[in-house]
Amino acid sequence: MPELPEVETVVRDLCAARLVGRRITGVRVRWPATIADLSPEQFKRRVVGRTIRAIRRRAKFILWELDQGRVLAVHLRMTGRFEVIADNRTAGKHVHVVLLLDDGRRLWFHDTRKFGRFYLLQDPAPLLARLGPEPLANDFTARRLAEALAGRRRAIKPLLLDQSVVAGLGNIYVDETLWAARIHPLCAAHTLSPAQIRALHRAMRRVLRQGVRNGGTTLGSGQTNFHSPVGGAGRNADQLKVFRRTGRPCPRCGGTIERMQVAQRSTHLCRRCQPQEITR
DNA sequence: AAGAATGTTACATG
DNA sequence: ACATGTAACATTCT
1 MPELPEVETV VRDLCAARLV GRRITGVRVR WPATIADLSP EQFKRRVVGR TIRAIRRRAK
61 FILWELDQGR VLAVHLRMTG RFEVIADNRT AGKHVHVVLL LDDGRRLWFH DTRKFGRFYL
121 LQDPAPLLAR LGPEPLANDF TARRLAEALA GRRRAIKPLL LDQSVVAGLG NIYVDETLWA
181 ARIHPLCAAH TLSPAQIRAL HRAMRRVLRQ GVRNGGTTLG SGQTNFHSPV GGAGRNADQL
241 KVFRRTGRPC PRCGGTIERM QVAQRSTHLC RRCQPQEITR
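Residue numbers are given in full-length UniProt numbering: position 259 of the first sequence equals residue 259, and the series is strictly consecutive.
Okay, structure coming up:
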């Protein structure tokens with residue numbers, strides 16, 4: 001579900017819901033594996049009483065900065081989802097963590113597939129140490145992208161999915177970026193021309209910014225699809241050019257969008273716009 | 001009703 | 001050290 005634009009949308013939504021300044025007055029853990037490294041009891045003991053000082057994003061992590069120098073880093077993985085609850089509904093079976101707040105509201109963590117993780121840390125630096133640059137940061141230039149790709153002989157798609165190369169892209173936005181840059185997903189990174197790297201850089205930022213502007217991508221209508229914490233679906237699905245559009249016409253050239261497997265992920269492309277370079 | 005699903009990591013092999 | 005491939009996590013959706 002969540003890639004950079006979705007996680008950014010979640011963080012903005014949590015901030016807009018005025019969670020900063022609230023104190024956590026209680027914790028319920030219904031699926032202990034969600035809490036990394038700590039027992040639910042240890043987690044509860046360390047979190048209850050803390051005040052939320054700030055909520056930020058790094059790559060696909062949501063960073064809850066608490067008082068006493070603690071940070072709760074949450075990774076949503078595939079189906080993790082926060083929901084701010086202001087009434088007295090009862091939690092459904094996929095709500096695995098509940099945080100009670102001092103203003104009477106609750107925060108639910110839904111996660112159908114149970115891959116999401118909460119890391120409660122004194123210092124998040126080790127967790128974040130291996131992440132590559134933020135693609136939307138002001139200082140992420142085409143030159144920095146070129147540096148990140150320098151000397152790499154791997155195919156470009158698996159490299160862009162690798163969070164230590166660039167942080168925040170996932171399967172949707174990589175396919176959309178490569179289509180926009182007219183680059184074949186199997187193209188070896190070291191064969192990209194400077195012009196292609198500039199195109200890739202521009203495409204990546206345009207595609208991600210559009211995703212953020214549209215409040216993320218919600219695919220289909222199931223429970224497991226992305227929703228921001230106050231319940232909204234993202235509006236970006238309409239803007240996707242190739243992702244899950246197999247067999248439909250390429251919006252740029254009219255060719256047929258194809259699906260192939262790359263790096264064990266389903267990959268969508270237009271072969272006419274994204275020719276595979278001959279690599280040796 | 002089999003296969004795929006927005007993510008990551010550990011492990012094996014080349 | 002680099003690269004690639006597979007399995008695993010757990011459940012739902014098409």
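The C-beta atom is built at its ideal place from N, Cα and C for all residues, glycine as well.
Coil, strand or helix - residue i by DSSP
| i | result |
| --- | --- |
| residue 15 | helix |
| residue 136 | coil |
| residue 268 | strand |
| residue 204 | helix |
| residue 183 | coil |
| residue 259 | strand |
| residue 111 | strand |
| residue 243 | coil |
| residue 96 | strand |
Alpha-carbon spacing of residue i relative to residue j, whole angstroms
| i | j | result |
| --- | --- | --- |
| residue 95 | residue 261 | 33 Å |
| residue 81 | residue 159 | 27 Å |
| residue 89 | residue 26 | 17 Å |
| residue 279 | residue 133 | Only weak support exists for where residue 279 lies, its pLDDT of 41 falling under 50; the coordinates are left without a value. |
| residue 28 | residue 73 | 17 Å |
| residue 8 | residue 273 | 30 Å |
| residue 107 | residue 91 | 10 Å |
| residue 194 | residue 101 | 51 Å |
Close-in-space but distant-in-sequence residues of the same chain around residue i (CB under 6 Å, 5 per side omitted)
| i | result |
| --- | --- |
| residue 58 | 128 |
| residue 137 | none |
| residue 212 | 5, 8 |
| residue 44 | 27 |
Same chain, Cβ closer than 8 Å to residue i, five either side skipped, listed in chain order
| i | result |
| --- | --- |
| residue 276 | 184, 186, 187 |
| residue 50 | 23, 24, 66, 67, 68, 70 |
| residue 122 | 69, 70, 71 |
| residue 192 | 149, 156, 183, 200 |
Contacts around residue i, its chain only, beta-carbon distance under 7 Å, and the 5 residues preceding and following it disregarded
| i | result |
| --- | --- |
| residue 14 | 55, 82, 229 |
| residue 140 | 133, 134 |
| residue 214 | 234, 235, 236, 239 |
CB-CB length for residue i against residue j, believed under 8 Å
| i | j | result |
| --- | --- | --- |
| residue 116 | residue 34 | 6 Å |
| residue 287 | residue 167 | The question about residue 287 has no answer here: the residues shown for the chain are numbered 1 through 280. |
Open item on the list: I'd like to know if the region 139-153 and the region 118-128 are in contact, where contact means that at least 3 CB-CB pairs between them fall below 8 Å.
Closed with: no
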